[in-house]
Structure formats: structure tokens, C-alpha cells
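Asks:
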Amino acid sequence: MPPALTRFGRALAEPIRCRILLALREAPAYPADLAAALGISRTRLSNHLACLRDCGLVATVPDGRRTRYELADERLGHALDDLRAAVVAVAADRTCVDADEEGCC
Numbered sequence: 017m018p019p020a021l022t023r024f025g026r027a028l029a030e031p032i033r034c035r036i037l038l039a040l041r042e043a044p045a046y047p048a049d050l051a052a053a054l055g056i057s058r059t060r061l062s063n064h065l066a067c068l069r070d071c072g073l074v075a076t077v078p079d080g081r082r083t084r085y086e087l088a089d090e091r092l093g094h095a096l097d098d099l100r101a102a103v104v105a106v107a108a109d110r111t112c113v114d115a116d117e118e119g120c121c
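Here the sequence shown stands for residues 17 to 121, where the numbers follow the working numbering.
(1) Tell me which residues share the same chain as T83 and place their Cβ nearer than 8 Å to its Cβ, disregarding the 5 neighbours each side in the sequence.
(2) In three-state DSSP terms, what is D79?
(3) Quick check: A27 and L37, are their CB atoms within less than 8 Å of each other?
(4) Rounded C-beta distance between L73 and A88? I'm assuming under 8 Å.
(5) Could you round the C-beta distance between C67 and R35 to whole angstroms and report it? I think they count as a contact, below 8 Å.
(6) Measure how close the beta-carbons of P44 and E90 come, nearest whole angstrom, since I'm counting them as under 8 Å.
(7) Given a threshold of 16 other Cβ atoms within 10 Å of its Cβ, counted over all protein chains shown, does H94 qualify as buried or as exposed?
(8) Pick helix, strand or coil for C120, following the three-state DSSP scheme.
(9) Ignore the nearest five residues each way along the sequence and tell me which others in D49's own chain have a CB closer than 6 Å to its CB.
(10) How many Å lie between T22 and E42 at the Cα?
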């Protein structure tokens, strides 16, 4: 698997990181505002932002004494929209016959 997809998958594997990416898809934000909006501690948020930075999905923008976060590339917002639409479509069309019994899909 290409490294970029592996990084993207790693980022999306954690629900809080998904929520951060979706929030940043709407608009750049400061950590304190993100933590409040997501209802998590700033320490926990900081750890997830570090992961997203390491994956190359978010970028920091110095703003005086503060640091603002934003998606590293606007195309990530489009990719998140497309991925969310695909997941919803697949969930609505569960083709796995054992999905309810096995929880496989």
C-alpha cells in the first residue's frame, strides 16, 4: 500500500482524529477552540494533532503567540467528503449476507 494511504488510514483509524479532520475541513482552528468543540482535553487533542501533523494531514500556521491548525491541502477536504459519501452509500447497501449476525460489514 502506498505510504500516503497508510498515513491517511492511520489518521482515520481513531474517531477523535476523524472529528478533528472534519472540523478543520470546515475552517482552520486554534487548539483551545478545537478541544472545546470536540469536548476533549487540550492534552488529548495535542496528541492527536501531533499524529495528524506527523501524517502530513494538518499544517500549523503561526499567528502571533498562537498556532492555528488547518488541513495541509484543500484536496483533503474533498477527499473526506468523498470518503464520507462512499461510506454512507456502502452502509445503506450492506451486501454482506452475514452482516447482522457476524458484524463483518
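C-beta atoms are modelled at their ideal positions from N, C-alpha and C, and glycine is treated no differently.
Replies: Answer, in terms of the structure:
(1) By 1-based counting over the sequence shown, the position of residue 83 is 67. Excluding residues within five positions, the ones whose Cβ falls inside 8 Å are Y46, P47, T76 and V77.
(2) Here residue 79 is taken as the residue at index 63 of the sequence shown, counted from 1. Correct three-state label for D79: strand.
(3) The residue given as residue 27 occupies position 11 in the sequence shown. The residue given as residue 37 occupies position 21 in the sequence shown. Cβ distance < 8 Å, so A27 and L37 count as in contact.
(4) On the sequence shown, residue 73 is found 57 positions in, with the first residue counted as 1. On the sequence shown, residue 88 is found 72 positions in, with the first residue counted as 1. Between A88 and L73 the Cβ distance is about 6 Å, and since that is below 8 Å, they are a contact.
(5) On the sequence shown, residue 67 is found 51 positions in, with the first residue counted as 1. On the sequence shown, residue 35 is found 19 positions in, with the first residue counted as 1. With a Cβ gap of about 13 Å, C67 and R35 do not count as contacting.
(6) Sequence index remark: in the sequence shown, residue 44 carries index 28 (1-based). Sequence index remark: in the sequence shown, residue 90 carries index 74 (1-based). Incorrect: roughly 11 Å between the Cβ atoms, too far for contact.
(7) Against the sequence shown, residue 94 aligns to sequence position 78. Under this definition H94 is an exposed residue.
(8) Here residue 120 refers to the residue found at position 104 when the sequence shown is read from its first residue. For C120, the predicted structure reports a pLDDT of 47, less than 50, and the residue's modelled location is therefore unreliable. A value from the coordinates is still provided. It is coil, neither helix nor strand.
(9) To locate residue 49, count along the sequence shown from 1; it is residue 33. Closer than 6 Å at Cβ, skipping near neighbours: no residue.
(10) As a first step, residue 22 must be located in the sequence shown, where it is residue number 6. As a first step, residue 42 must be located in the sequence shown, where it is residue number 26. Roughly 24 Å separates the two Cα atoms.
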